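*Asks:* Can you read through this structure? Questions will come right after.
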Amino acid sequence: MFNAKAYSTASSTSPLASTVIARRDPTEDDVQIEILFCGICHSDLHMARNEWSGVLPTVYPCVPGHEIVGRVTKVGSSVTKFKAGDLAGVGCLVDSDGTCPACKEGLEQFCPNQTLTYGFPDRHLGGVTYGGYSESIVVDQRFVLHIPANLDLAAAAPLLCAGITTYSPMKHWGVAAGKKVGIVGLGGLGHMGVKFAHALGAHTVVFTTSRNKVDDALRLGADEVVLSRDANAMGKHAGSFDFILDCVSADHDINAYINLLTRDGNMTLVGAPEKPLSLVSFGLIVGRRSVSGSPIGGLAETQEMLDFCGEHSITSDVEVIAIQQVNEAYERLLKADVKYRFSIDMASLKAE
Ligand SMILES: NC(=O)c1ccc[n+]([C@@H]2O[C@H](COP(=O)([O-])OP(=O)(O)OC[C@H]3O[C@@H](n4cnc5c(N)ncnc54)[C@H](OP(=O)(O)O)[C@@H]3O)[C@@H](O)[C@H]2O)c1
Ligand SMILES: [Zn+2]
Ligand SMILES: [Zn+2]
């Protein structure tokens with residue numbers, strides 16, 4: 123074992139603060155990574171504050187962070203995918219059983235025995251796993267991704283969660299040229315959703331509550347922008363969408379969007395608000411429409427997404443911050459005041 127600097131929270135009401143955690147020495151299959159950047163996902167905030175207590179109660183101390191980009195410092199004797207000095211990425215998963223039907227299909231996000239990057243039982247050290255708000259991490263090579271060399275590292279980090287979480291459902295539901303696609307909520311996930319929908323050739327419409335994001339939405343690749351609190355503007359799109367991706371982190375009316383779907387249209391929820399949403403059955407019945415959900419993505423698809431980003435020069439629009447600003451960043455995230463992802467420069471942690 124070795125010690126690593128990190129930021130953790132001690133309870134649902136405590137701020138994140140500097141600490142030291144234990145990391146395992148790499149086993150034969152492990153890759154040890156010096157973390158250079160880690161994105162701040164809204165899930166980090168939900169977890170730090172135990173907002174998902176009903177389904178995923180937070181174990182404290184909690185070290186969040188699952189949008190990790192860094193450089194390999196050491197590899198175990200059986201590691202073939204990486205060598206010291208390589209760039210590496212780690213997302214929301216660090217382990218799975220590798221034997222269940224989901225794993226065999228490369229869909230580790232559905233494995234019943236998966237280990238999330240933080241807050242899940244750590245089968246090596248006991249306790250729970252600790253995430254990327256840290257100077258280093260040790261991960262089985264199966265869960266480590268290659269980062270295309272042409273991407274800016276601070277801006278690539280959010281691809282490991284916000285990127286794959288929006289890319290995967292778009293591929294599953296056939297987003298392509300000729301489709302009309304809506305993205306609800308222009309935050310970390312939403313702005314990646316716009317970039318992917320645009321890159322895949324769809325007619326892309328952004329729904330936002332923030333008037334000051336309209337110009338950005340167009341710059342990011344939207345063909346149209348709708349202020350979602352304007353019922354008249356919403357009504358103009360009734361019955362016209364093939365697919366809508368809901369990336370909202372807080373309570374909101376999903377029925378307003380269901381009514382915008384065409385016959386057999388689908389709305390996928392990736393946003394995971396603390397409180398249950400309410401659903402009017404008739405919105406689904408009249409058009410045989412569906413509402414579904416989607417979790418992150420498997421390892422193969424995450425690598426596919428990263429390679430797609432390399433080919434199309436797609437990264438996240440980031441505000442790079444020092445780790446000492448993380449609590450302030452959480453408050454701004456709650457106010458939908460980030461353009462469009464915070465990325466923590468881990469040099470600021472090393473310097474502490
Ligand atoms: N399914 C998965 O695997 C997965 C993976 C990662 C994250 N998530 C979840 O996805 C959600 C979004 O994450 P994120 O990191 O993108 O969050 P974020 O950056 O905070 O973005 C959320 C956006 O939702 C909109 N919004 C916020 N409050 C709202 C309200 N009261 N009414 C309507 N719209 C509101 C805002 O967009 P506008 O300003 O444009 O309105 C905001 O920018 C979170 O719940 C997160 O936990 C799920
Ligand atoms: Zn996330
Ligand atoms: Zn499995």
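Position in the sequence shown counted from 1, then plus 122, gives you this note's numbering.
All C-beta atoms in this analysis are idealised placements derived from N, C-alpha and C, irrespective of residue type, glycine included.
Note that this is a predicted model, so its numbers are computed, not measured.
1. Give the single residue among Y255, V440, A422 and V402 whose Cα lies nearest to the Cα of H268.
2. Out of curiosity, what's the CA-to-CA distance linking C319 and V392?
3. Under 7 Å, do K196 and P148 count as touching if we go by C-beta distance?
4. For a quick check, are the C-beta atoms of Q154 and G419 less than 7 Å apart?
5. Do L399 and I376 count as a contact pair if the criterion is CB distance below 7 Å?
6. Tell me whether M427 is buried or exposed, calling it buried when 16 or more other Cβ atoms sit within 10 Å of its Cβ.
7. Could you compute how far the alpha carbon of V402 sits from the alpha carbon of S412?
8. Are at least three pairs of beta-carbons, each pair with one atom in the segment 434-441 and one in the segment 301-318, less than 8 Å apart?
9. Among G323, V348, A277 and Q446, whose alpha-carbon lies nearest the alpha-carbon of N334?
10. Would DSSP call Q154 helix, strand or coil?
11. If contacts are defined as beta-carbon pairs under 8 Å, then K293 and D364 qualify, I think. What distance do you get, rounded to the angstrom?
12. Assign C369 to one of three DSSP states: helix, strand, or coil.
13. Can you name, in chain order, every residue of its own chain whose Cβ lies under 6 Å from the Cβ of G207, other than the five neighbours on each side?
14. Could you tell me the boundaries of the alpha helix (DSSP H) in which F404 lies?
15. Could you give the distance in angstroms between the alpha-carbon of E453 and the alpha-carbon of A321?
16. Cβ of I418 within 6 Å of any heavy atom in ligand 1?
17. Suppose the cutoff is 8 Å on Cβ atoms and the five residues either side in sequence are ignored; what does the same chain contact list for T237 look like?
18. Residues around ligand 3, please: the ones whose beta-carbon is closer than 7 Å to some heavy atom of it, in chain order.
19. When you compare the segment 219-226 with the segment 265-283, are there three or more beta-carbon pairs, one atom per stretch, that lie closer than 8 Å?
20. Would you mind listing the beta strand (DSSP E) stretches within the segment 171-234 that are 3+ residues and don't spill past its ends, in chain order?
21. How far does the alpha helix (DSSP H) with R454 in it reach, from first residue to last?
22. Can you give the beta carbon distance from T326 to D345, rounded, assuming they're within the 8 Å contact cut?
23. Tell me whether T163 counts as near ligand 2, meaning its Cβ is closer than 6 Å to at least one heavy atom of that ligand.
24. Using a threshold of 6 Å, is the CB atom of L308 nearer than that to any non-hydrogen atom of ligand 1?
25. Look at L455 and L167 and say whether their C-beta atoms are less than 7 Å apart.
26. Compute every distance between the C-beta of C160 and the non-hydrogen atoms of ligand 2, then say whether any falls below 6 Å.
27. Could you tell me which of K461, G343 and E396 sits nearest to G176, measuring between CA atoms?
28. Could you tell me which whole alpha helix (DSSP H) segments of length 4 or greater appear in the segment 320-345?
29. Name the DSSP bridge partner or partners of S389?
30. Round the Cβ separation of F159 and I466 to the nearest angstrom and send it over; I've been treating them as touching at under 8 Å.
31. Run through the DSSP bridge pairs and tell me what T141 is partnered with.
32. Using three-state DSSP, classify E426 as helix, strand or coil.
33. Would a check of beta-carbon distances place I305 closer than 7 Å to chain C?
34. Would you tell me roughly how many angstroms separate the C-alpha atoms of C431 and G211, rounded to the nearest one?
*Replies:* The relevant details are as follows:
1. Looking at the Cα atoms, A422 is the closest of the given residues.
2. It is worth fixing the name first, because residue 319 is Ala in this sequence and not Cys. It is roughly 15 Å from the alpha-carbon of A319 to the alpha-carbon of V392.
3. Contact flag set, yes.
4. Cβ atoms of Q154 and G419: not closer than 7 Å.
5. In this structure, L399 lies closer than 7 Å to I376 by Cβ.
6. M427 counts as buried, since at least 16 other C-beta atoms from the protein chains shown sit within 10 angstroms of its C-beta.
7. Between V402 and S412, the C-alpha separation is close to 12 Å.
8. Three or more beta-carbon pairs drawn from the segment 434-441 and the segment 301-318 are found closer than 8 Å, and the two stretches are therefore classed as touching.
9. Among G323, V348, A277 and Q446, the Cα nearest to that of N334 is on V348.
10. Here Q154 sits in strand by DSSP.
11. About 14 Å; that fails the 8 Å criterion.
12. Reduced to three states, the DSSP call for C369 is coil.
13. Result list for G207: empty, nothing under 6 Å.
14. Bounds of the alpha helix (DSSP H) holding F404 are S403 to I407.
15. In a straight line, the C-alpha of E453 is about 32 Å away from that of A321.
16. Indeed, a heavy atom of ligand 1 lies less than 6 Å from the Cβ.
17. Around T237, the same chain offers L215, V216, D217, S218, P243, D244, R245 and T251 as residues with beta carbons nearer than 8 Å, after the five sequence neighbours per side are excluded.
18. Every residue passing the under-7 Å Cβ criterion appears here: S218, D219, G220, T221, C222, A224, C225, E230, C233, P234, N235 and Q236.
19. Per the Cβ contact rule, the segment 219-226 is not in contact with the segment 265-283 (fewer than 3 Cβ pairs under 8 Å).
20. Counting whole runs of 3 or more residues, the segment 171-234 contains the beta strand (DSSP E) stretches 190-197, 209-212 and 215-217.
21. Taken as a continuous stretch (DSSP letters only), the alpha helix (DSSP H) holding R454 covers V448 to L456.
22. With 8 Å as the limit, T326 and D345 qualify as a contact, their Cβ atoms being about 5 Å apart.
23. For clarity, residue 163 is Cys in the given sequence; the question names Thr instead. At least one heavy atom of ligand 2 is nearer than 6 Å to the Cβ of C163, so yes.
24. Indeed, a heavy atom of ligand 1 lies less than 6 Å from the Cβ.
25. Here L455 is near L167, since their CB atoms are less than 7 Å apart.
26. No, ligand 2 has no heavy atom inside 6 Å of this Cβ.
27. For G176, the closest alpha carbon among the candidates K461, G343 and E396 is that of E396.
28. Complete alpha helix (DSSP H) runs here, min 4: 336-342.
29. Note on identity: in this sequence residue 389 is Met, with Ser being the wrong assignment. Answer is I366 and V413.
30. Confirmed, about 6 Å.
31. T141 pairs with A128.
32. Here E426 sits in helix by DSSP.
33. No chain C appears in this structure, which consists of one protein chain only.
34. Straight-line measurement puts the Cα of G211 at about 14 Å from the Cα of C431.
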